Structure formats: C-alpha cells, structure tokens
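> Right, I'll just put the structure down here and ask away after.
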Amino acid sequence: QRWVLPDNFPSEAVTEAYLRPTTERYDADACVWGRPDLHGLRSFCLHKFGWQQQKADEQLLPMMRAFEQTQSQARLSSYFKFEHRFARFASERLRAAVGMTAADSAAAGGDSASAPAASASASASAPASA
476 QRWVLPDNFP SEAVTEAYLR PTTERYDADA CVWGRPDLHG LRSFCLHKFG
526 WQQQKADEQL LPMMRAFEQT QSQARLSSYF KFEHRFARFA SERLRAAVGM
576 TAADSAAAGG DSASAPAASA SASASAPASA
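Numbering (the working numbering), first residue to last: 476 to 605.
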C-alpha cells in the first residue's frame, strides 16, 4: 500500500518538540532518598486505584520488607560466593607463574587431586632461608 503524506509533514510543532523538548529543571533538594512512606502509599493506592488497605498491603509490604533488607546499593562482588572470586588454575606451570600453590587453587575450587603432590614439590623446590 502506498502512503500519501500531506505537504505539511512532518509537522513543525512535532519537529520542534522533538528537537527542543520541554523539561523541568532538576532540583536536587526536592529528591530525598529514604524509607518509603507506607501510610502515604496506602492513601495514594486508595485514591488512585481504589484499593483498600488489604489490597495495598499485598503489593506494598513485600516491597517494604525488601527495602528493610537492602537499604544500600549492593556491590557486584556481593552476588558471588567468596570461593568464586578467585581464579582456579589446573596447570602447575600457571599456578607457579602467579605464585599460587596447588592448595591455594584447590581452596579456590580448582583441581584438588594434585594439591598434596604439588605442595610437596613446591616446598622441595623452594630455596632454604638462612
């Protein structure tokens, strides 16, 4: 199907609104981070959605519990178990290159079968201290 566009397409008003949108200035003092106002949210839900307190609480209380558990932004490292934060090396040469013993690699979740043998060989090849 062929489209027929009017002579005034695109509208100057639409083009102007796209290129220069009307926005509000951000006021840093107006934005306050804190504990959500449960009473105010219940009132909002009643007036805007017609929800009684029981219906509002079904939606709001899980959010409030989640807020209480995480009042600060988590770091990426908090999503990983401690033992998964470190590299694991199956290769003895690579472990030696980074100064990691087989026991260290096994503790990080690497190949534990070679841990005792590699530890013994590492201690045998270590220079004696004076």
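Where a beta carbon is used, it is the ideal one built from N, C-alpha and C, also for glycine.
Since the model is a prediction, treat every value here as computed from it, not as a measurement.
In this structure, how does DSSP classify Phe-484 when only helix, strand and coil are distinguished?
coil
> Which of the three DSSP states, helix, strand or coil, is assigned to Val-489?
helix
> Would the region 535-542 and the region 507-521 be scored as touching if the rule is three or more Cβ pairs under 8 Å?
A contact exists between the region 535-542 and the region 507-521.
> How many whole angstroms separate the CB atoms of Pro-496 and Phe-542, which I take to be in contact at a CB cut-off of 8 Å?
Actually they are not in contact, since the Cβ atoms of Pro-496 and Phe-542 sit about 32 Å apart, beyond 8 Å.
> Alpha helix (DSSP H) containing Arg-568: first to last residue?
567-572
> Please go through the same chain and pick out, in chain order, the residues whose beta-carbon is closer than 7 Å to the beta-carbon of Leu-513, but skip the five residues on each side of it.
Leu-535 and Met-539
> Run through DSSP, which three-state label would Glu-499 get?
coil
> Helix, strand or coil: how does DSSP classify Cys-506 here?
coil
> In the structure shown, what three-state DSSP assignment does Asp-532 receive?
helix
> Here's the rule I'm using: 16 or more other beta-carbon atoms within 10 Å means buried, otherwise exposed. How should Arg-570 be labelled?
Burial call: buried.
> How is the alpha helix (DSSP H) around Gly-515 delimited, first residue to last?
513-524
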